[in-house]
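Numbering (full-length UniProt numbering), first residue to last: 1 to 401.
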Ligand SMILES: [Zn+2]
Ligand SMILES: [Zn+2]
């Protein structure tokens, strides 16, 4: 059977389950669950996959993670699609992870149907359910458990207001800065106080001043999460929470040092003590920058284009706004892609408008196209040893140089 015939079978299998897939994304959208609490989504997805004939491991290393596998033969490559399904506080599925979950399971049933129709033993399709993308880094925990040791290629897609194959994803670290000073009556004895709010404001201004010398690709943004309790008390405690982002671990380290100087100098100027805490112990455990596998992205784009998708020109893709994801970490373990696909909204992710746009029929149809593109790309690599070799060679060179 030709690759084109196999792709047609995958597309048909996805279309055949159109309504069931829509129902899965709606159920997840209606029950938004936060990081590591995605129990309902986990159950909806694993029940679906089991019914479709996958061998499912529920609660895989974490209560809301899963692994589902379909194999054709014992040997052959292990291709992986990833689902995310966590939501955001208050604004629900404002990042469209209900659609990411749908895309993952839709791609998987398409690939399975093609594998079953082939006269050859093609290998394995693995679906990972990965919790807590919006903070918590479920994929980083799964990497540490060795979940990607036996995987050859990993892919996922993400809804967005545009179509892009090459995505720039930044490395991310969270810093929590606490200043400790001394309370005093703000009118009666201000000279006896040590003002922790002044330290926080000074730190904020230090960083804002330094921003002019930041590289355009760096991002530093924070809030003052504690600025004291009452105007007539000199605050003895203050706290800032900052996210810092850069395109590589090396640059993130550099940026971290610059920010630490800002925080320490504010402490010195105001006479406060400072404590800086990090969301991870090592910079290696941060959300990593994404390594796009060029071969895989080209294949994905070719397949998506054949289904009518029009990608942005390459120079525009390179300048798109970027965030961070733990898929970045996966991309340093195995050849990976994380294309963005357009749903019908002008609003950016993480807004209530985007939440409303992720439950429409149109968003569902766009999700099926992205799922079909992943299925077709997986089949390209499963049926052609040369293609898989090129993908892997590119990966080895890019992580070893
Ligand atoms: Zn998000
Ligand atoms: Zn997201």
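Each residue gets a CB set at the ideal place from its N, CA and C atoms; glycine is no exception.
Among the options, which has the Cα closest to the Cα of residue i?
| i | options | result |
| --- | --- | --- |
| residue 310 | 148, 164, 141, 121 | 164 |
| residue 348 | 14, 252, 94 | 94 |
| residue 20 | 320, 106, 62, 252 | 106 |
| residue 354 | 396, 160, 155, 329 | 160 |
| residue 448 | 250, 175, 367 | Nothing can be reported for residue 448: it is not among the residues displayed for the chain, which extend from 1 to 401. |
| residue 62 | 17, 71, 291, 140 | 140 |
| residue 262 | 379, 393, 7, 177 | 177 |
| residue 77 | 289, 103, 121, 51 | 121 |
| residue 265 | 205, 211, 69, 238 | 205 |
| residue 84 | 119, 73, 28, 15 | 28 |
| residue 249 | 277, 172, 187 | 172 |
| residue 169 | 276, 318, 39, 70 | 318 |
| residue 73 | 116, 44, 363, 56 | 116 |
| residue 394 | 215, 235, 231, 337 | 337 |
| residue 33 | 273, 292, 198, 134 | 134 |
Provide the residue(s) that pair with residue i in DSSP beta bridges, ordered along the chain.
| i | result |
| --- | --- |
| residue 470 | Any property of residue 470 remains undetermined from this structure, which presents the chain solely from 1 to 401. |
| residue 57 | 67 |
| residue 4 | DSSP output for residue 4 lists no bridge partner at all. |
| residue 160 | 342 |
Using beta-carbon positions only, say whether residue i and residue j come within less than 8 Å of one another.
| i | j | result |
| --- | --- | --- |
| residue 341 | residue 153 | no |
| residue 79 | residue 123 | yes |
| residue 96 | residue 42 | no |
| residue 244 | residue 254 | no |
| residue 323 | residue 290 | no |
| residue 70 | residue 53 | yes |
| residue 241 | residue 174 | yes |
Measuring straight from C-alpha to C-alpha, what distance separates residue i and residue j?
| i | j | result |
| --- | --- | --- |
| residue 190 | residue 258 | 32 Å |
| residue 138 | residue 233 | 42 Å |
| residue 389 | residue 396 | 10 Å |
| residue 108 | residue 283 | 33 Å |
| residue 183 | residue 228 | 10 Å |
| residue 148 | residue 66 | 13 Å |
| residue 383 | residue 11 | 16 Å |
| residue 81 | residue 104 | 6 Å |
| residue 268 | residue 252 | 24 Å |
| residue 306 | residue 207 | 47 Å |
Where does residue i sit, in a helix, a strand or coil, going by DSSP?
| i | result |
| --- | --- |
| residue 259 | helix |
| residue 94 | coil |
| residue 79 | strand |
| residue 317 | helix |
| residue 165 | coil |
| residue 350 | coil |
| residue 171 | strand |
| residue 62 | coil |
| residue 24 | helix |
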